[in-house]
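K.L.:
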Amino acid sequence: MESNYSQMAADSTWVSKIILYSFWQSSCSWRVRFALNLKEFEKLNPLHYVPVLVDGDVVISDSYAILLAEEKYHQRRPLPVESQLRALNLQAANIVSSSMQPLHMLSVLRYMEERVGPEEKQSWAKFHIQKGFGVRVSHFNKDI
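UniProt numbering puts the sequence shown at residues 1 to 144.
Right, dumping it as structure tokens:
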């Protein structure tokens with residue numbers, strides 16, 4: 001650690017490290033974290049969605065792609081090696097990410113509430129989430 005400080009001190013462009021002390025549930029802290037990171041984040045993902053993984057020069061902004069990138073660093077693979085099991089895992093995950101997860105996104109919920117009202121929004125989301133869980137349970141139980 002001492003050599004790291006020596007190197008930083010020798011660098012004429014060295015700037016002191018910023019430390020933000022916060023609590024993860026604090027909305028005040030979230031505003032500060034967003035403000036500190038927004039410009040850089042917009043360069044990484046113009047859609048403003050998370051997660052984003054930066055691996056050297058490669059920017060990956062999709063959770064499934066990040067899982068596949070995880071194979072680079074660990075012996076244990078996040079998905080099965082066997083192609084049929086791998087496909088079933090990706091199929092199940094895609095049902096969640098395409099059919100169910102968007103219904104939890106604030107942007108989608110706000111849009112629906114503006115269009116149809118709070119009660120209809122909740123009914124609409126509940127219908128599609130139950131449909132997604134129903135498909136997952138009935139379809140994937142027979143494949144196991």
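Glycine residues also receive a C-beta, built at the ideal position from the N, C-alpha and C atoms. Computed from a prediction, not measured in an experiment: that's the story for all the values here.
Go ahead and pull the three-state DSSP assignment for residue 60.
P.N.:
Residue state, collapsed to three classes: strand.
K.L.:
In its own chain, which residues sit with a C-beta less than 6 Å from the C-beta of residue 134, not counting the 5 before and 5 after it?
P.N.:
none
K.L.:
Roughly how many angstroms separate the alpha carbons of residue 100 and residue 118, rounded to a whole number?
P.N.:
18 Å
K.L.:
Just how far apart, CA to CA, sit residue 57 and residue 120?
P.N.:
45 Å
K.L.:
Who are the Cβ neighbours of residue 125 in its own chain at under 6 Å, not counting the five residues just before and after it?
P.N.:
103
K.L.:
Going residue by residue through the segment 41 to 87, where are the continuous alpha helix (DSSP H) segments of at least 4 residues, counting only ones entirely within it?
P.N.:
63 to 70
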